[in-house]
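Mapping the sequence shown onto numbering that gives the first Met the number 0, position 102 (from 1) lands on 101, and the numbers just tick up by one.
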Amino acid sequence: MRVAGLVNDTIGTLAGGRYLNNDVAAAVILGTGTNAAYVERAHAIHKSGEMVINMEWGNFWSSHLPVTVYDQALDRDSLNPGEQIFKKIISGMYLGDIVRRVLCKMAEEAGFFGDIVPPKLRTRFILRTPGMSAMHHDTSLDLRVVGSKLKDIFGISDTSLETRRVVVELCNIVATRGARLSAAGILGILKKMGKDGQGRREAEDCYSRGWRII
Numbered sequence: 000m001r002v003a004g005l006v007n008d009t010i011g012t013l014a015g016g017r018y019l020n021n022d023v024a025a026a027v028i029l030g031t032g033t034n035a036a037y038v039e040r041a042h043a044i045h046k047s048g049e050m051v052i053n054m055e056w057g058n059f060w061s062s063h064l065p066v067t068v069y070d071q072a073l074d075r076d077s078l079n080p081g082e083q084i085f086k087k088i089i090s091g092m093y094l095g096d097i098v099r100r101v102l103c104k105m106a107e108e109a110g111f112f113g114d115i116v117p118p119k120l121r122t123r124f125i126l127r128t129p130g131m132s133a134m135h136h137d138t139s140l141d142l143r144v145v146g147s148k149l150k151d152i153f154g155i156s157d158t159s160l161e162t163r164r165v166v167v168e169l170c171n172i173v174a175t176r177g178a179r180l181s182a183a184g185i186l187g188i189l190k191k192m193g194k195d196g197q198g199r200r201e202a203e204d205c206y207s208r209g210w211r212i213i
C-alpha cells in the first residue's frame, strides 16, 4: 500500500467533498470535537490558484463569546485550561457536562432535586452529550425519557413533570447556544470567502452545492 498523503478528518472531509463536487468550498466537523477548513484563493500558487486553510477553530477565543461561570469551571478542570474555548462550548465532548454543572449548581443552591444533592451530580462527564440529546428530544407527554435518564445516570428517582420540563429547557439552552455559535463560525467563513449571501446567485451556489457539514 502506498500512502499518498496524511490529513486530519476536516481536511479529509473537504478533500472528499471536493473530489465529488468541485464546487464544495468548505468542511465543518461538528461531533465529539470540532474544526473547519475552507478553500482560499492563493494567487501565489500558480498551479491551482487555491489552497486549503485548516482553521483549527476550536482554539478561537474572543471576549464576545458568551462564556458562563459553568464554562469557566469546566475549562479550569480540563486537561488544557485556557485553550480551545470555542471547542469547549460547542462540541459534543463537553455539552453534556455543561448541563450537569448547571444541574449540580441548582441542586446545591436551590434544592432542585430535594434536600440532598445527588452524589453523582458531582461526577464530571457522567452525563454524556448523547444522554443530554435524548432528554432534549423527549416529546412524550410525561417526559419519560428525561425521567429515565435522570434515574439511570444520576440515580435521581421520582422527579416531577415540572422538574423534567426544566431539565429539557436547560438542555435546549445549551444546545441552542452551541448551534448558534457554530452557525456564526460558518457565516464567518462565508464572509471571508465573499460568499455570505450578498448576491442571490452566489448564495444559492454556496448553500445548495458547496457545503458539506459532518
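C-beta: ideal position from N, C-alpha, C; glycine also.
Asked                                                                                                   : Found
Segment contact, 8 Å Cβ cut-off, at least three pairs: the region 105 to 119 with the region 148 to 156 : yes
Where ALA26 sits in the DSSP three-state scheme                                                         : strand
C-alpha distance - MET105 paired with ARG164, whole-angstrom precision                                  : 14 Å
Rounded C-alpha distance that separates ALA133 from GLU168                                              : 13 Å
Straight-line gap, ALA41 to GLY196 (C-alpha atoms, nearest Å)                                           : 22 Å
Contact check, MET131 vs GLY184, beta carbons under 9 Å                                                 : no
Check whether ASN53 and ASN79 have beta carbons under 9 Å apart                                         : no
Pair within 9 Å by beta-carbon distance, LEU126 and LEU142                                              : no
Residues near VAL6 by beta carbon distance below 8 Å, same chain, minus five either side                : ALA14
Reduced DSSP secondary structure (H/G/I, E/B, other) of ALA202                                          : Caution is warranted here: a pLDDT of 48 is assigned to ALA202, below 50, making its placement in the model unreliable, and no coordinate value can be reported.
Between the CA atoms of VAL2 and ALA178 - distance to the nearest angstrom                              : 36 Å
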